[in-house]
Amino acid sequence: MGDSKPMTTPMSTNTALDADEDGEAVDQKEFRGMIDSLLYLTATGPDIQFAVCLCARYQASPRISHRQAVKRIFRYLKFTPELGFWYSSGSSLSLRGFSDADHAGCRIDRKSTSGTCEFLGTSLVSWSSRKQASVAFSTTEAEYVAAASCCSQLLWMKATLSDFGLRFGKIPLLVDSTSAISVAKNPVLHSRTKHIDVRFHFLRDHYEKGDIDLVHVISANQLADIFTKPLEFDAFTCLRDSD
Numbered sequence: 029m030g031d032s033k034p035m036t037t038p039m040s041t042n043t044a045l046d047a048d049e050d051g052e053a054v055d056q057k058e059f060r061g062m063i064d065s066l067l068y069l070t071a072t073g074p075d076i077q078f079a080v081c082l083c084a085r086y087q088a089s090p091r092i093s094h095r096q097a098v099k100r101i102f103r104y105l106k107f108t109p110e111l112g113f114w115y116s117s118g119s120s121l122s123l124r125g126f127s128d129a130d131h132a133g134c135r136i137d138r139k140s141t142s143g144t145c146e147f148l149g150t151s152l153v154s155w156s157s158r159k160q161a162s163v164a165f166s167t168t169e170a171e172y173v174a175a176a177s178c179c180s181q182l183l184w185m186k187a188t189l190s191d192f193g194l195r196f197g198k199i200p201l202l203v204d205s206t207s208a209i210s211v212a213k214n215p216v217l218h219s220r221t222k223h224i225d226v227r228f229h230f231l232r233d234h235y236e237k238g239d240i241d242l243v244h245v246i247s248a249n250q251l252a253d254i255f256t257k258p259l260e261f262d263a264f265t266c267l268r269d270s271d
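Encoded structure:
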């Protein structure tokens, strides 16, 4: 990879990975080794989280197309060796979270991807890109499930930080889906939401208790978008460099 051309994003927006059953197989051991190295880097590299997790789904039967996608991530890392975290001592100790979802983004089983990130003040301290456990019938459902996942993480962080004497009021959770926010705020269970698993309705419960404040954010400012799908360079760098 030493002579390879650097890339400005970890994954092309034209990339649509699937099982590629007709593609040429590559060495599974080598592919898994590449994925393991990248998964280690995601501990301090949220910008590659989505791309790495997507490629990791094909470790059982990797193809050339999958290896090419992985190599692009390494080429992106070559382009961005200076990136890192900055934790300011003057930052306020307030919690906030962002959640987003890519509805039916997986080409194999049409499950959605949840993306979440949590901030302590202006510092990013937690993030996740994860395929949802079941197929979502609508964008609203996918966004609602992602928000529930972020809510769970925020409440865990709140409980953990309370051991250090920190106290928090209503924690803002920023979502770009007005319909998902409406579902959480509406106590009436209707036909659009009755199929959503009960375990996700604790989001509504904690909203009603005043633990979480659901806030609408425009899609351009939805920081969790970077954890759900490939983005163009301008949008990617804007979200990556935001605080």
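The numbering of the sequence shown is the numbering used here, which starts it at 29 and goes up by one.
All C-beta atoms, glycine included, are put in the ideal place defined by N, C-alpha and C.
Under the 10 Å beta carbon count, Ala97 is surrounded by 16 or more other beta carbons and is classified as buried.
By alpha-carbon distance to Ser154, the top candidate from Leu251, Phe196, Ile136 and Cys83 is Leu251.
Put simply, the stretch 156–166 does not touch the stretch 182–194. Fewer than three CB pairs are less than 8 angstroms apart. The continuous stretches of alpha helix (DSSP H) do not include Gly51, and DSSP gives it neither H nor E. Cβ contact annotation for Arg268 (same chain, cutoff 6 angstroms, sequence separation greater than five): Asp75, in chain order. In the three-state reduction of the DSSP assignment, Leu183 falls in the helix class, which pools H, G and I. It is roughly 8 angstroms from the alpha-carbon of Cys81 to the alpha-carbon of Arg158. Contiguous alpha helix (DSSP H) elements confined to the stretch 222–246 occur at 230–237, taking only those with 4 or more residues. Counting along the chain, Leu201 sits inside no alpha helix (DSSP H); it lies in the beta strand (DSSP E) bounded by residues Ile199 to Val203. Between Thr72 and Ser116 the beta-carbon gap is near 17 angstroms, outside 8 angstroms, which marks them as no contact. Out of Thr70, Thr36 and Ile224, the CA that lies nearest to the CA of Arg103 is found in Thr36.
Relative to Glu58, the option among Gln77, Asp31 and Pro90 whose CA is nearest is Pro90.
Per DSSP, Asp253 is not a residue of any beta strand (DSSP E), being assigned neither H nor E. Close CB contacts of Ser120 within its chain, under the 6 angstroms cut and outside five residues either way in sequence, are with Gly149 (chain order). For Phe113, same chain residues with a beta-carbon under 6 angstroms away, outside a window of 5 residues either side, do not exist.
In this structure, the beta-carbon distance from Leu111 to Glu146 does not fall below 8 angstroms.
The shortest C-alpha to C-alpha distance from Ala208 to any of Ser190, Val54, Thr265 and Val173 is the one to Val173.
Exclusion of the five residues before and after Glu52 leaves Ile92 as the residues of its chain whose Cβ lies within less than 6 angstroms of its Cβ. By the beta-carbon neighbour count (other beta carbons within 10 angstroms, threshold 16), Ile199 is buried.
Between Ala175 and Ser140, the C-beta gap is not smaller than 8 angstroms, which leaves the two residues out of contact. In the DSSP assignment, Thr141 is bridged to Asp130 and Lys159.
By the beta-carbon neighbour count (other beta carbons within 10 angstroms, threshold 16), Gly143 is buried. For Gly61, the closest of Cys83, Asn42, Ala44 and Thr41 by C-alpha to C-alpha distance is Cys83. The C-beta distance from Val211 to Thr168 rounds to 6 angstroms, short enough to fall under 8 angstroms. With 16 or more other CB atoms across the displayed protein chains lying within 10 angstroms of its CB, Gln77 is buried.
In the assembly as shown, Gly125 is a buried residue. Its beta-carbon has 16 or more other beta-carbons within 10 Å.
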